[in-house]
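Q:
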Amino acid sequence: MTEPQWTDEMLTRLIDEGSLASLAEHANDPWLKVRLRATTTKVRMFPTYVKAQVYAYVLRDRFKYTPASREAFLVRHVLPNSGVIAASIANLYRDDQITNAANSIYSHLKADPAAMEAMIAEVKSLIDQPQNTPRRL
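Using our numbering, you'd call the opening residue of the sequence shown number 3 and step up by one each time.
#1: Could you check the C-alpha separation between N30 and S21 for me, to the nearest Å?
#2: Got a sec, what are the start and stop residues for the alpha helix (DSSP H) Y108 sits in?
#3: Would you report the Cα separation of N105 and V56, rounded to the nearest angstrom?
#4: Taking contact to mean 3 or more Cβ pairs, one atom from each stretch, closer than 8 angstroms, check whether the region 45 to 54 and the region 115 to 133 are in contact.
#5: Exposed or buried, which one is Y1 when buried takes at least 16 other CB atoms within 10 Å?
#6: Quick check on DSSP: helix, strand or coil for Y67?
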């Protein structure tokens, strides 16, 4: 039996969707298709919260953002409808699962300079995006 070929796009899709439904299109067995569509991962927003916490670490360490600045960034770019959650993540604490996952990812980023530079570039591109909200005079 040959090993399945997983692309980064497919794996990212699985994480972002929070379910295994996207794998169902590749299954031949009808019962397996139904089971894949019904299987969800832990929490749909979990990967978003972890990514937000990693962004908060990058903003703290590389861009020297304050907690208020990190919160504004997270609300604008990552968690637009979750101000309270963005505030707790910006203060670098949400809960143990999110913090542990983010710490693990961030330590891997620090160990791999190319990956860290890619993450910094990603955050920088979000910082450089023009703000489309009208300003009060």
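Glycine included, each C-beta is placed from N, C-alpha and C at the ideal position.
A: The answer reads as follows:
#1: 18 angstroms
#2: D98 to A113
#3: 8 angstroms
#4: no
#5: Past the boundaries of the shown model lies residue 1; the chain is included only from 3 to 139, so the question cannot be answered.
#6: coil
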